[in-house]
Each structure stands twice: as C-alpha cells, then as structure tokens.
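In my numbering, the protein residues as written are 36 to 303.
We put the CB at the ideal spot given by N, CA and C, even for glycine.
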Amino acid sequence: MIDEMADRLSRFRAEAASRDLPPDEVELWIRAALPAVFMAEGGDGPPVARVGGDPMLPEGVPEPRWPFAASVDLAALPPGGTDLPLPTDGHLLFFAAPEVGGLSGVVPDAVMYVPAGTPTVRRPLERSWREPYQPRQLQTLWHQPCPPMDDSFAMDTWGDDPDDEQYELADELGNAWTRVGGHRPPWVLQIGGHAASPQFDPVHYARDSVTEEGEDGGEGVDDWALLASWRCGEDVTELDSGVVHWVIRRRDLAARRFDRVHRYVDMA
C-alpha cells in the first residue's frame, strides 16, 4: 500500500507538471488528502461493518430516536486506514433518518460507541417510524488518501471567497488527481477522509454553524473531521442519491464525546 501510494503521488506530480500547475499548490493538495476507509458489499476481506437490520445495543440503554443505519467493527479497520483518533476496538453504531429538510446539526444520539466486551442484545427499535433498512454485510475494499472536494480545497486554501482562477486551479488539481487513479471507488460506507457531497461540504457546514453560534471561536479546518458517510441508495427511495454524513471535532472524538456529533443529509 505504501509503495502504491508513493507511485500514485509521483504520477500525480508528473501529471500536474504536464498541466503547468504550480508546484506549491500541488503539494498543498497532497497534504490536504486524508486517509479514508471505503466499504461495500463483496470482496475477499472480512466483514467490517453491517448496514440495516436491528442494532445490537447494550442492555438497559435508552432506545435511540432514529432508525439504525450501520455498525462498524473498529478492530477490523485497516491499521492507518484513517487519521481519526478512533477507539481501537468495540463498535460504532450510526443512526439516521435520511430526510432532506429534517433535523441537522448536533444530534446527541446519532452515534453510539459500544466498547469491546459490552454485553449486547439485538433490539428492534419500537419508536422508529420506518421499517429497518435492508441488512447487509460490508467489507473493507479500499483504504486510500481522499482529497477534499474542489470547492472545499479552494476555500480552505484561499479563504471563503476564492476568485475564478483559484476555483479553476482547484478543479485542475482534482482532474489531475483523478487522472492518475485517485477517484473514489464504489462504496456504501466511508470512515474518515473528506466528504463527497452533491450540495455542500458537511465539515464546512458544521464548523461555520458553530462559529455563527459563538461557540469555541478560533477553531480551524483541522479541528473538524468527517467521521462517516453513508450512501443510502435503494434503502431510502424518497431521496435521489441520498448521503448521510456524521461530523465531529477531533478533540470530541478523542474524548469519546459522541453526543456532540453533527449529522447532515444531502442529495443529488
């Protein structure tokens, strides 16, 4: 994997040079890319996540308000697959009601961490207003650096109001990255990295909404992280290419403060 990435970065630099892209911005693009794990059905790897069905919940915990979306076995994630300060074992459970225009922002029970060895029981969610999503096992198919969306890179690099030339440069960098094989693989669940969102960057949205509310001033781009994204697909037919994102501050993740997760829903 290390040799493969070194080769890709070498080819990306060469491709960027062939387009006369400025070397400083090329290196900024490389540094902005964050490692991510992409999961989907099929493949030879062991199961690392489960989408849909009924959740395995610790005995006695209050029932979540939202439908169960996915469970990730943290011990099964590839070493170094993300740069997130995740627990090394146990499970992360994700809950979501993928409805555009519904609740967004901080959702205290959108994510639950179940430490390894915790007794659990399969529990249908009686308060859920929809049938469980289709149960599926997911394998880790890819883990690779994941750059930000072009517009997000432009705003992170040149401020909130880049000019047309800066947006065009970000687009050229993205095209060069894709040309050398840096495109996202097919996926259902993503852990870490940067979001691929049709309408907006959920990390920017979380950071900006907190700043507007006067909380924790002075936080920068690096203080916020994409925890996970779920492509709903046929599980949510009322959305066109629906995607759910869970976003968290890195310091909150390190402190296991999953009650501070932000959740957003987007669609094409």
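Here the C-alpha atom of A263 lies approximately 14 angstroms from the C-alpha atom of R295. The three-state secondary structure of D198, taken from DSSP, is coil. With fewer than three CB-CB distances shorter than 8 angstroms, the stretch 191-198 does not count as touching the stretch 73-88. When DSSP states are grouped into helix, strand and coil, H126 belongs to the strand group. In this structure, A145 is the residue among D236, R43, A145 with its C-alpha nearest to the C-alpha of R100. Unbroken alpha helix (DSSP H) runs of no fewer than 4 residues, entirely contained in the stretch 158-246, are found at 185-193, 199-214, following chain order.
Residue environment analysis places S276 among the exposed positions, since fewer than 16 neighbouring C-beta atoms fall within 10 angstroms of its C-beta. DSSP, reduced to helix, strand and coil, places R298 within a strand of the structure shown. The stretch 168-187 makes contact with the stretch 231-242: 3 or more CB pairs, one atom from each, lie closer than 8 angstroms. Measuring C-alpha to C-alpha distances from A105 to each of D199, H178, Y148, A52 identifies Y148 as the nearest. With contacts defined as CB atoms closer than 7 angstroms, R171 and V86 qualify as a contacting pair. Restricting attention to R46, F129, V141, the CA atom closest to the CA of H297 is found in V141. DSSP, read as helix, strand or coil, puts L274 in coil. For P82, the secondary structure class from DSSP, reduced to helix, strand or coil, is strand.
Contact between G80 and Q174 holds, since their C-beta atoms are separated by about 4 angstroms, short of 8 angstroms. By the Cβ neighbour-count rule, H178 is buried, with 16 or more other Cβ atoms within 10 Å of its own.
With a contact defined as Cβ atoms closer than 8 angstroms, L261 and A289 miss out at about 15 angstroms.
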